[in-house]
Structures are given as structure tokens and as C-alpha cells.
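Going line by line, the protein sequences match chains A and B.
Heads up: the first sequence at position 113 corresponds to 115 in my numbering, and the numbers run straight through without jumps.
Heads up: the second sequence at position 212 corresponds to 214 in my numbering, and the numbers run straight through without jumps.
Just below is one structure, and these are the notes that go with it.
Number of protein chains: 2
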Amino acid sequence: MTSHAPFLLACRGEPVPYTPVWFMRQAGRYQPEYRALRERHAMLELLRTPELAAEVTKLPLALGVDAAIVFSDILLPFEPLGLGLRFVDGKGPVIDTPVRSAADVARLPPVTAAESLGFVGDAVRLVAADCGDTPVIGFSGAPFTLAAYAIEGGTSRDHVLTKQFMYREPAAWHALLDRLTEIAVDLLTLQVRAGAAALQVFDSWVGELTPDNYRTYVLPHTRRLFHRLVPLGVPLIYFGVATGSLLELMKEAGATVIGLGWRIPLDEARRRLGRTMPVQGNLDPAALFAPPAELRRQVLAILAANGGRPGHVFNTGHGIFPGTPVDHVRLVVDLVHEAGVSA
Amino acid sequence: MTSHAPFLLACRGEPVPYTPVWFMRQAGRYQPEYRALRERHAMLELLRTPELAAEVTKLPLALGVDAAIVFSDILLPFEPLGLGLRFVDGKGPVIDTPVRSAADVARLPPVTAAESLGFVGDAVRLVAADCGDTPVIGFSGAPFTLAAYAIEGGTSRDHVLTKQFMYREPAAWHALLDRLTEIAVDLLTLQVRAGAAALQVFDSWVGELTPDNYRTYVLPHTRRLFHRLVPLGVPLIYFGVATGSLLELMKEAGATVIGLGWRIPLDEARRRLGRTMPVQGNLDPAALFAPPAELRRQVLAILAANGGRPGHVFNTGHGIFPGTPVDHVRLVVDLVHEAGVSA
């Protein structure tokens, strides 16, 4: 019943009545309702309780966005993998037992999404049942980005431990990415079976790599990932930041839509990806702090760069920051919807 | 007497007997001699004592690099500006009194390099006197990157405070960049008068910006900066990371050489910049951790991407990391020198 939703039409490159829009981290700390929930519940409790996760997922629908992305976290598989996931306020995720050796990879226990991450599917199911006309997006981390968190033990400025592991232990690296690919396929499949109408694969940090490295150490895994997901029959969005030099290789991985970071002009990205490849993006999330006139100018510039072509989902080029004015998010939704699809 | 040094020839796009090479942070924590000095002297003491700074500057010459970059720090002007600069082990620079308002910009005191940063010139003079045949590189931060540190109060993952300031206080932003541009011109001029044979302007974080933002908020300042430096008659290198979408605009700023981050293939960068624009780069500094065979492969791939054209200075695409094996740095120097300049 959601198959004619503008978001899904745009993901398939079909004509739309208006440009659909959603935002990465559209449910999050910039919203007073979210902050109120976080005061009463720890992060992992919110994530693991389907009713609460569903409630958070639906919060941004009041802003008029065209899709609901399930409230979850790409690192949740680290719990059943025994890596010790914690969320530390002001610091982000901390992985207590990072993967640092071939032996660490070898001892990762088997994980199935149904057994250990069923609550993600349950949250998707609750939202899909409640918001029949709004597509629900399921997601997971991509194998590289999951490996980067697992190896670094959290966020990193330079991912130098990740690259050291990749270079020095190539067999263990590929074994690790094999495992993470299987887990991602399993978790994404679970979400589609629960009602997700599209999937996004977050390869947030893959832009740290040179094209040469991406081809050798990552592409075999992302290609297998998307190959396994295609039979699910839903649009597959592949997102990363600072990927200006990787776009052609990311396209080779086989997703339906390429999610763009904010650095690359949208028209340049579309030219390089080919005019029929749908794209998502790519407002700098920091622009949401700009005064309305400047924010408006930047939103219209992105729509103009697309030039009314089919296959554009408007989004930020990375997650919305805490402290973002809610009325600016609403302004962008309204502006994108009202601008129509003509250049 | 250094004017026929391969490094300077390459910066001017002239033929060279072999590809010259130096590394960002070539004097630093990966060297046991540097760590020994740091055990006896605090960071600011090393930076402010010309004899010690000169000693550190010369350390990597034993590895065979083709230029010596003066041991200094782009944030040193923050001391006379009253921003309270400290270096915290394991965390990096901390600015105690960040710039957060138009009033903060207005109250910045006048600063002249000769009065407050003369020790940088003294260090350059000592190195130039002692290493007559090796060109000495002077440097400063670029106005955007200096502003980003001043506003954020240190390093930042997302530079969201910087962008907020830029959007919300455009007049104060431009006033701040005016001041930082003048300070950079002054400090760079001082270094050339002390014997620097080339200058590098570090715009390390400018790749956080969209091309549209760069054009509006940064280019007027970098253009003025390089316009003021051209009469000094030395090569001017303009460096930043994640600048794949900014290269053409960075070229407009008017430097002699564009310093590339590691993400963009060197042949693509040269094609976009025009074949006569010299470039510097661009080995991923993390590749220095790779086993010799893989490291060798990546170095040769960069040389092959250049294809023997004049105007290539080999370097890393960002600073060398602590923990980098010294013998791998030496291996790269030897390999680049021995590979000659033919494709």
C-alpha cells in the first residue's frame, strides 16, 4: 500500500508528484520529545524496547517527512558478538572488547538476528502497522564501517588502527568482513520481513579509504551484501560521507540508490554516477543552523542541481546535529515539498 | 644556492633528476630522537626555543628527505592573540578562550610576527644556515583552518560551531578571517626573510566545506593571502584534506602548488587542476604501516599516476602518524628517489 509513496518512487527513479525528503538522525537529540524520553530511559533500553523504539521512530513524522527510519543503532550486533557495547553520554559508543587480532576474529560467536536482534524487527513491525502510508526504512552498518568501529573501539578521527589491521592481517580482515556482511544481510532481511519498505546501508566512514583500498578490501563484501539483498525486492540505499572519489566503485556494489555526503555537488555526483542512478542527499546538516534565508538558498541550490530529474530523495549529507532548530527542519521539509520537481 | 634543489624545481613545474619527497609531520612522534627530546622539554618549550626547534627540524634529514619543514605549529599565533593555547598529551591542542562571538573577534589584540613569533624566524634561520643545500619550508595555517581551531577550541569532528559562526555572524566571520589572513602573511613573510625557500599554507580542515561555502566564506581570504605572498618569490603550497570537490576553487586562490589529501587519485587531481599545475602528495599516511610489499605497491601506483610529468612533489596526504615504522619512511624516500621520473 506504500508502493506509490513518493519516497519509493524516487528510489526507483520513477516520476514523483514532489521531491520526497527524510533526514538521517531525524529522530534524535534535536527534538524535545526525544530528549524527554532519554531522560527516562537509557540509550540501550530505548533501542531494545520495541514500543519505545517505535515511539521514537514516529516522532519526526509530525514534521512531514516522507519516510520513517526505524530507531536503532548500527552497532547493536556487537552485543551478541560479545564486544561489549556501551553508549557514553557526550562521547558516543564505546566498544569494551575491540577486535585487534586474527584470534579475536576467529572467536566471534555465531549470531542470528532472529535470536539476538528480534527487537529491531518488532519495532519495524509496530511502526509499519501504525503508519501504513509512510514507508519504513530498515538499516544496518556496512561491513567496512562496522569493522572500523569494532577495531577502533568507538569513533575515530583517522581510522589508523582499522587500516593497520587491513594491511597487516588481510586474511583476518576478509574473514571479519565476511562475518559482518552475513550479519548485515540477516538483520536487513529480518527488517524487510517485519515490514521495512526500503533499506539503507550506512558505510559512514568508508570515505576514509582510497579507491584502490576500497576495491581491494571492501568492494567484494559490499557487492556480495547487495547481491544477497536484491531478492528482497525493496530499494537499497548505500550511504557514506567523503566518498567523492569512491562513487563509481560504490555504484559497482549494486545498490539501488547512492546516498551522498554533503561535500560533493549533487549535479557532479549525478553526472559521474550516470543520470539513471537515483541519489539521496545532500544538504550539509550544519546548514540547518543557518538563518532561514541562507538555509533556503542552499536547499534550492540542491534542488536546482538535480534539475527536476527523477531519482532524487532529498536528505542531509550526514546525520542531523544535536541543537538543530526544529523549525528549520520543518522549513526544509516544506520547501522541498513546495518546490515541486521542475528545475 | 638551493634554487636547483629538486624540491624547488618540482614546485615550479620544471624537470627534475628524480622526484623529490618530504612528509608532513616528518619531524615528530614516530622518531625515537623526537620522543627523547619531548621527554626533556614541554611542547611549547620545544616550539619556542629556536635551537631546539632547529634540532627537531633537522632530525628527518637523516632519512634523505628533500626539504626540511621548520618545526613549529600553526596555532602559535593564538598565544599573542590571547586565546590561551595549551598542548595536552594524548588530546592535542586546547584553546582556553575560544572565539564565539563578534565581540570576541573585535577584542583580539594587534599581533605582529616580529614581536611575538620571532622565534619561528630564528629557527628557520638556524636551519637554513646549517643545511645550505636543503630547502627550508616555512608554514602557517590558512585563515579557515585557524578560524576553525579558534572557534571550536581545539580539534573537532564536525566543525559545527565553526559553520554556525560562519552562517550566523558573517560580518564577524569575515573580520576574523581578515585578521587571520594578515597574521599568516606576516608570519610567512618573516620566515622567507629568515631563509625559507618555500611556504606551505595548511588548510587542513577546509574540506569540511561545500564548494558553495568555500567560494562565499573562504576564497576571498585565501586569494588575498596568496596575492600578498607572490611577491616573496618562493613557491607557495596550498594543502588540505578531503578537498576532492574543492580543487578547482583552491587553484583559484593562486598558490604555486596544490597539496593533495590521500583520497583523490593523483591522476584525477592533475587532470582537474590542469597538467601544468604542480601538485604535492598523496600517499595515505596509514599506508606507512603496511608491509613493505603493499607499501611499495602504493608508492609506485602514485608515481605511475603522475606518469613522469614535471611538477610532482611526493608526500603523504596528511601528517605521519605516531607509531609509524621509521624504516618504512626511509623505504618510501629511497623508492621515490630510485624510481626516477619516467612512467
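Where a beta carbon is used, it is the ideal one built from N, C-alpha and C, also for glycine.
Those residues which DSSP pairs with residue i across a bridge
i, result
"A:Asn317", "A:Asn284"
"B:Gly140", "B:Leu201"
"A:Ile71", "A:Ile139"
Closest residue to residue i among the options (Cα-Cα distance)
i, options, result
"A:Val18", "A:Leu48, A:Phe316, A:Val113 and A:Val72", "A:Phe316"
"B:Ala199", "B:Ser206, B:Trp207 and B:Leu190", "B:Leu190"
"B:Asp132", "B:Glu57, B:Asp205 and B:His176", "B:Glu57"
"A:Glu245", "A:Ala150, A:His6, A:Gly263 and A:Val236", "Before going further, note that residue 245 of chain A is Thr rather than Glu in the sequence given. For A:Thr245, the nearest C-alpha among the options comes from A:Gly263."
"B:Glu35", "B:Ile260, B:Ala108, B:Gly84 and B:Pro62", "B:Pro62"
"B:Ala70", "B:Gln28, B:Gly86 and B:Glu16", "B:Gln28"
"A:Thr318", "A:Val335, A:Val208 and A:Thr218", "A:Val335"
"B:Leu77", "B:Leu49, B:Asp124, B:Thr224 and B:Gly66", "B:Leu49"
"A:Glu171", "A:Val208, A:Arg102, A:Leu83 and A:Leu211", "A:Arg102"
"A:Leu179", "A:Thr147, A:Gln202 and A:Glu154", "A:Thr147"
"A:Glu210", "A:Val232, A:His161, A:Tyr240 and A:Glu16", "A:His161"
"B:Asp98", "B:Arg40, B:Phe89 and B:Thr224", "B:Phe89"
"B:Ile239", "B:His6, B:Leu201 and B:Leu65", "B:Leu201"
"B:Asp286", "A:Ala105, A:Pro213, A:Leu39 and A:Met26", "A:Pro213"
"A:Val194", "A:Phe241, A:Gly140 and A:Ala152", "A:Gly140"
"A:Val73", "A:Pro112, A:Gly92 and A:Gly123", "The displayed chain sequence assigns Phe, not Val, to residue 73 of chain A. Closest by alpha carbon: A:Gly123."
"A:Leu249", "A:Leu39, A:Asp91, A:Leu221 and A:Leu231", "A:Leu221"
"A:Gly268", "A:Ala116, A:Val236, A:Pro294 and A:His314", "The question names Gly, yet the displayed sequence has Leu at residue 268 of chain A. Comparing Cα-Cα distances from A:Leu268 to each of A:Ala116, A:Val236, A:Pro294 and A:His314, the minimum goes to A:His314."
"B:Gly94", "B:Thr157, B:Ala44 and B:Ile322", "B:Thr157"
"B:Gly120", "B:Pro8, B:Thr59, B:Glu41 and B:Leu192", "B:Leu192"
"A:Val67", "A:Thr21, A:Gly197 and A:Glu117", "A:Thr21"
"B:Leu54", "B:Glu41, B:Phe9, B:Ala125 and B:Ala105", "B:Ala125"
"A:Val23", "A:Arg31, A:Leu11, A:Ile185 and A:Thr183", "A:Leu11"
"A:Gly283", "A:Val107, A:Ala295 and A:Ala303", "A:Ala303"
"B:Glu117", "B:Gly92, B:Ile153 and B:Asp188", "B:Asp188"
"B:Gly256", "B:Arg14, B:Thr224, B:Gly276 and B:Val281", "B:Thr224"
Residue span of the beta strand (DSSP E) that contains residue i, given as start and end
i, result
"A:Arg88", "Leu87 to Val90"
"A:Gly94", "Gly94 to Ile97"
"B:Ile239", "Leu238 to Phe241"
For residue i, the first and last residue of its enclosing alpha helix (DSSP H)
i, result
"B:Phe121", "Gly120 to Asp132"
"A:His339", "Val328 to Glu340"
"A:Ala224", "Note on residue identity: the sequence assigns Thr, not Ala, to residue 224 of chain A. It spans Leu221 to Leu231 - the alpha helix (DSSP H) in which A:Thr224 sits, taken as one unbroken run."
"B:Met26", "Careful: B:Met26 lies outside any alpha helix (DSSP H) and carries neither H nor E."
"B:Ile304", "Pro294 to Asn308"
"A:Tyr36", "Pro34 to Arg42"
"B:Val107", "Ala104 to Ala108"
"A:Thr59", "Pro52 to Lys60"
"B:Pro8", "Pro8 to Cys13"
Heavy atom of the ligand SAM within 8 angstroms of residue i beta-carbon
i, result
"B:Thr258", "The model on display carries no ligand, and the ligand SAM is accordingly not part of it."
9 angstroms Cβ cutoff, residue i in contact with chain E
i, result
"B:Glu270", "Judged by its chain identifiers, the structure shown contains no chain E, and its protein chains are A and B."
| Whole beta strand (DSSP E) runs in the stretch 253–279 of chain A with 3 or more residues, listed along the chain? | Contiguous beta strand (DSSP E) elements confined to the stretch 253–279 of chain A occur at 259–261, taking only those with 3 or more residues.
| Along the stretch 318–330 of chain A, what residues have a CB closer than 7 angstroms to any CB found in chain B? | Phe323
| query | Between the stretch 155–168 of chain A and chain B, which residues of the former have a C-beta closer than 8 angstroms to a C-beta of the latter? | reply | Cβ contacts with chain B come from Thr157, Arg159, Asp160, His161, Val162, Lys165 and Gln166.
| message | So within the stretch 153–199 of chain A, which uninterrupted alpha helix (DSSP H) runs reach at least 4 residues, ignoring any that extend past its ends? | response | 162–170 and 172–195
| message | What are the residues in the stretch 27–52 of chain A lying within 8 angstroms of chain B by C-beta distance? | response | none
| request: Residues of the stretch 286–298 of chain A with a CB closer than 9 angstroms to any CB of chain B: list them in chain order, please. | output: Asp286, Pro287, Ala288, Ala289, Phe291, Ala292, Pro293, Glu296 and Leu297
| Contacting positions in the stretch 208–224 of chain A - beta carbon closer than 9 angstroms to chain B | Only those residues of the stretch 208–224 of chain A whose C-beta falls short of 9 angstroms from the nearest C-beta of chain B are listed: Gly209, Glu210, Leu211, Thr212, Pro213, Asp214 and Asn215.
| Near-chain A residues of the stretch 239–255 of chain B - C-beta to any C-beta below 7 angstroms | Ala244, Gly246 and Ser247
| Taking any Cβ of chain A, which residues in the stretch 258–269 of chain B have a Cβ under 7 angstroms from it, in chain order? | Trp264, Arg265, Ile266 and Pro267
| query | Closer than 8 angstroms, Cβ to any Cβ of chain B: which residues of the stretch 168–190 of chain A, in chain order? | reply | Those residues of the stretch 168–190 of chain A that come within reach of chain B (Cβ to Cβ, closer than 8 angstroms) are Tyr169 and Arg170.
| task | Anything in the stretch 298–318 of chain B with a Cβ closer than 8 angstroms to a Cβ of chain A? List those residues in chain order, please. | result | Gln300 and Ala303
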